[in-house]
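Written out below as structure tokens is the structure these notes cover.
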Amino acid sequence: MENSSQLASLEVAESQIIAYLSKIVGGTPRPSDSLAVLGVDSVAMAELTFELEKRFGIQIDDDILDVDTIRELTQYVISRQRT
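Heads up: the sequence shown at position 40 corresponds to 39 in numbering that gives the first Met the number 0, and the numbers run straight through without jumps.
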């Protein structure tokens with residue numbers, strides 16, 4: 000079970016990711032939205048990867064390619080912060 004600080008970190012990260020993605024896709028995506036359905040292609044994913052590394056101070060590997068939804072992306076980012 001997540002404690003309140005972990006949940007707060009998740010919510011903050013998710014809101015930052017959604018804010019960034021809204022600039023790319025237009026509108027405001029939901030956490031359950033699929034990145035592919037939103038139109039995040041390989042170029043957009045490369046830009047997103049760079050932004051996430053810079054914003055969250057993490058190193059992203061090829062596992063990010065297994066991420067489907069914004070919520071999964073957020074959980075991936077949080078897990079990379081802990082390593």
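The C-beta atom is built at its ideal place from N, Cα and C for all residues, glycine as well.
query	result
Quick check: the stretch 69-78 against the stretch 9-29, are at least 3 beta-carbon pairs closer than 8 Å?	yes
Using a Cβ-Cβ cutoff of less than 6 Å, which residues in the same chain neighbour residue 48 once the five nearest sequence positions on both sides are dropped?	59
Three-state secondary structure (DSSP) at residue 68?	strand
Any idea if residue 76 is buried or exposed, counting beta-carbon neighbours within 10 angstroms, 16 or more meaning buried?	buried
Excluding sequence positions up to five away, which residues of its chain have a Cβ less than 7 Å from the Cβ of residue 63?	48 and 75
Quick check on residue 31: does DSSP put it in helix, strand or coil?	coil
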